[in-house]
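With full-length UniProt numbering as the guide, the letters of the sequence shown map in order to residues 1 to 413.
All residues carry an ideal CB built from backbone N, CA and C; glycine is no exception.
None of the values given here were measured: they were computed from a predicted structure.
Structure first, commentary second.
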Amino acid sequence: KIFQAIVSCVGGDGTIYIIPKSYETALNKLMTEIQNTFKGLGLLIPYCWKKGEACVVRGSDTVWYRAKIVEVSGSTLQVQYIDRGYIESIPQCHLYPTTFYTGIPPFCIPCQLYKTLPIGNFWQQDAVDYLQELLKNEEVEIHVKELPGNPWGKLSISLYFGGMSLSSFMAYQKYCVAEDCQDIQKLEVFEGDLPPSYLLQPLPVPGETFPVTVTHLVSPKEVYICLDSSETFTKCSATERAASRDSESLNKALKWCNKIVKTLPHLTSFKKELPCLAEYVDGLWYRAKLLSITQLVPVQILVQFVDYGTYLVAPTSRLRHIPCHLLKYPVQAVRVLLAGFRPASDDKNVERIPYSPEWSLKALWTMVDCVEGKRLSASILSVSPEVTISLYGDDKNLVHLKLVEMGLAELDQ
């Protein structure tokens, strides 16, 4: 069986506790009922607690949870949150004994990785810490491999995050030995003379109108667009639906890649067009490609983020090898030229775009206002020698008409 789940915690022995997504509604309903039943503090009078006894616990977030007593030690009790899996030491005043809800099975499932042997035959503390940091509160895909011998045993699973097998990844990091390590090749980087390249985004057929977002403007005439199949547009072509699926899968893969980025080697080769991961100013890592070396001491590299079209000059410390599996997704941003207008011959604005002086900066900023955060649509006029489109605003009018009205551009038939 295969299903989606949230990892609630990783135990000190490496047990992975998961909550199936299909359980979420029932768990939320139970939690609401518990909050309505128990209010205020826990039991304030003396009570003789017993190991294994059912109770509710008032957590540090002031929310009540189902739990059971794991160990009794003076005024402090060790409890396990049965719907989350984690164990915590709690003062007695934050607990309340109850037989309510004991007929409802725990919502979290203890799991172990299938045919995966930790180094030293048990999960070392640094491996447990790494698993906790990597997985806690994240959505993952679970493949059930083997049922436990008893109802309270651990489910043997293969766990996948961002399309990557956790067993393969932990084996790659030398934390364990896994029988099936086929996914390790996804983490490997390309070696050799021929650099890898990204796949190009398939485009809708010319003449078809499709929703887009503008991700970057080079000039009023030259922009980067992404196909947009959001819910606001009900009629989506097969190309747009495929692009949406690719974008969603890519975003998940990149989210996980950001978690493991420190395990990826820094770039040592700086060939033009070489795919890589680059750190943007927001501190996150995105797919990019090398364009040129802009400075030798210290080395500074001009890169372009292929899913947005934006550029950045970055030191080598902000560039890393890209895992092979991130190359299977087509680039999300497509460079296009906008048809129907040209720079105004009588534009008197002195401030010009340095790399495109035929355009004024005012024309560029006006175009930014016309497209930023707007629901746009486009129609391809030609794909050769360059992709040329007509771009329409949310009012269905051509976006460049605003520039023409302001005398910043003129119509070009």
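For the stretch 92-108 against the stretch 118-127, do three or more pairs of beta-carbon atoms, one drawn from each stretch, fall closer than 8 angstroms, so that the two count as touching?
no
What separation, rounded to the nearest whole angstrom, lies between the Cα atoms of residue 209 and residue 225?
Counting from 1 along the sequence shown, the entry for residue 209 is found at position 209. Counting from 1 along the sequence shown, the entry for residue 225 is found at position 225. Distance between the alpha carbons of residue 209 and residue 225: 14 angstroms.
Proximity below 7 angstroms, CB of residue 288 to CB of residue 305
Translated into positions along the sequence shown, residue 288 becomes position 288. Translated into positions along the sequence shown, residue 305 becomes position 305. Cβ distance < 7 angstroms, so residue 288 and residue 305 count as in contact.
Terminal residues of the alpha helix (DSSP H) in which residue 15 lies:
Residue numbering aside, residue 15 sits at position 15 when the sequence shown is read from its first letter. No alpha helix (DSSP H) contains residue 15, which DSSP labels as neither H nor E.
Whole-angstrom distance between residue 256 and residue 273, CA atom to CA atom
Working through the sequence shown from its first residue, we reach residue 273 at position 273. Working through the sequence shown from its first residue, we reach residue 256 at position 256. Cα-Cα distance, rounded: 24 angstroms.
Roughly how many angstroms lie between the CA atoms of residue 364 and residue 395, to the nearest whole one?
In the sequence shown, counting from the first residue as 1, residue 364 sits at position 364. In the sequence shown, counting from the first residue as 1, residue 395 sits at position 395. Rounded to whole angstroms, residue 364 to residue 395 spans 20 angstroms at the Cα level.
When you compare only the Cα positions, how much space is there between residue 348 and residue 329?
Taking the first residue of the sequence shown as position 1, residue 348 is located at position 348. Taking the first residue of the sequence shown as position 1, residue 329 is located at position 329. Looking at the two C-alpha atoms, the distance is approximately 45 angstroms.
Going by Cα to Cα distance, which pick from 84, 216 and 169 is closest to residue 136?
The count along the sequence shown starts at 1 and reaches residue 136 at position 136. The residue with the shortest Cα to Cα distance from residue 136 is 84.
Bridge partners - residue 156, DSSP secondary structure assignment
For the purposes of this step, residue 156 is taken as the residue at position 156 of the sequence shown. Paired residue(s): 112 and 146.
Taking residue 118 as the reference, give the member of 141, 170, 151 and 70 with the closest Cα.
The residue you call residue 118 lines up with position 118 of the sequence shown. Among 141, 170, 151 and 70, the Cα nearest to that of residue 118 belongs to 170.
Is the Cβ-Cβ distance between residue 338 and residue 221 less than 7 angstroms?
What you label residue 338 is simply residue 338 of the sequence shown in a count that begins at 1. What you label residue 221 is simply residue 221 of the sequence shown in a count that begins at 1. Yes, the Cβ-Cβ distance between residue 338 and residue 221 is below 7 angstroms.
Within the continuous alpha helix (DSSP H) that includes residue 125, where are the two ends?
As a working note, residue 125 is residue 125 in the sequence shown. Note, residue 125: alpha helix (DSSP H), 125-135.
Based on the DSSP output, what are the partners of residue 177 in its beta bridges?
In the sequence shown, the residue the question calls residue 177 occupies position 177. In the DSSP output, where bridge partners are listed per residue, residue 177 has 117.
Bridge partners - residue 360, DSSP secondary structure assignment
Looking up residue 360 in the sequence shown gives position 360. DSSP lists 352 as partners of residue 360.
When you compare each of 331, 128, 268 and 66 to residue 103 by their alpha carbons, which one comes out closest?
Taking the sequence shown and counting its residues from 1, one reaches residue 103 at position 103. The option with the nearest alpha carbon to residue 103 is 66.
Have a look at 90, 300, 246 and 374 and flag the residue whose alpha-carbon is nearest the alpha-carbon of residue 42.
For the purposes of this step, residue 42 is taken as the residue at position 42 of the sequence shown. Nearest option by C-alpha distance: 90.
Rounded to whole angstroms, what's the CA-CA distance from residue 29 to residue 18? Just pull it up for me.
Taking the first residue of the sequence shown as position 1, residue 29 is located at position 29. Taking the first residue of the sequence shown as position 1, residue 18 is located at position 18. Spanning the two alpha carbons is a distance of roughly 18 angstroms.
Please tell me whether residue 387 and residue 393 are closer than 7 angstroms, where the distance is taken between their beta carbons.
Mapped onto the sequence shown, residue 387 falls at position 387. Mapped onto the sequence shown, residue 393 falls at position 393. Result no, Cβ atoms of residue 387 and residue 393 do not sit closer than 7 angstroms.
Cβ contact (3+ pairs, closer than 8 angstroms) linking the stretch 50-59 and the stretch 158-174:
no
Taking 8 angstroms as the threshold, find out whether the stretch 277-291 comes into contact with the stretch 308-325 through three or more Cβ pairs.
yes
Report the rounded CA-to-CA distance for residue 1 versus residue 139, giving the unit in angstroms.
Numbered from its first residue, the sequence shown carries residue 1 at position 1. Numbered from its first residue, the sequence shown carries residue 139 at position 139. Going from the Cα of residue 1 to the Cα of residue 139 covers about 17 angstroms.
Ignoring anything shorter than 3 residues or poking outside the UniProt domain "Tudor" (269-329), list the beta strand (DSSP E) runs there in chain order.
275-279, 285-295, 300-305 and 311-315
Note down, in chain order, each residue of its chain lying with its Cβ closer than 6 angstroms to the Cβ of residue 344, except the 5 sequence neighbours on either side.
Taking the first residue of the sequence shown as position 1, residue 344 is located at position 344. The answer, listed in chain order, is 407, 408, 409 and 410.
Which of helix, strand or coil does DSSP assign to residue 93?
Residue 93 sits at position 93 when you count from the first residue of the sequence shown. Residue 93 falls in the helix class under three-state DSSP.
Am I right that residue 111 and residue 157 are in contact with their C-beta atoms under 8 angstroms? What's the rounded C-beta distance?
Sequence index remark: in the sequence shown, residue 111 carries index 111 (1-based). Sequence index remark: in the sequence shown, residue 157 carries index 157 (1-based). Residue 111 to residue 157, Cβ: 5 angstroms. Contact.
CA-to-CA distance, residue 404 to residue 228, given in whole angstroms
As a position in the sequence shown, residue 228 is number 228, starting the count at 1. As a position in the sequence shown, residue 404 is number 404, starting the count at 1. About 27 angstroms.
Using only alpha-carbon positions, find the residue among 253, 301, 285 and 286 that is nearest to residue 467.
Since the displayed the chain opens at 1 and closes at 413, residue 467 lies outside it and no answer follows.
Give the straight-line distance between the Cα atoms of residue 251 and residue 23, rounded to the nearest whole angstrom.
Your numbering for residue 251 matches position 251 in the sequence shown. Your numbering for residue 23 matches position 23 in the sequence shown. Approximately 25 angstroms between the Cα atoms of the pair.
For residue 164, the three-state DSSP class (helix, strand or coil)
Walking along the sequence shown from the start, residue 164 turns up at place 164. Strand at residue 164.
Can you give me the Cβ contacts of residue 27 inside the same chain, cut-off strictly under 8 angstroms, excluding the 5 residues immediately before and after it?
Along the sequence shown, read from residue 1 onward, the residue named residue 27 stands at position 27. The answer, listed in chain order, is 19, 83 and 107.
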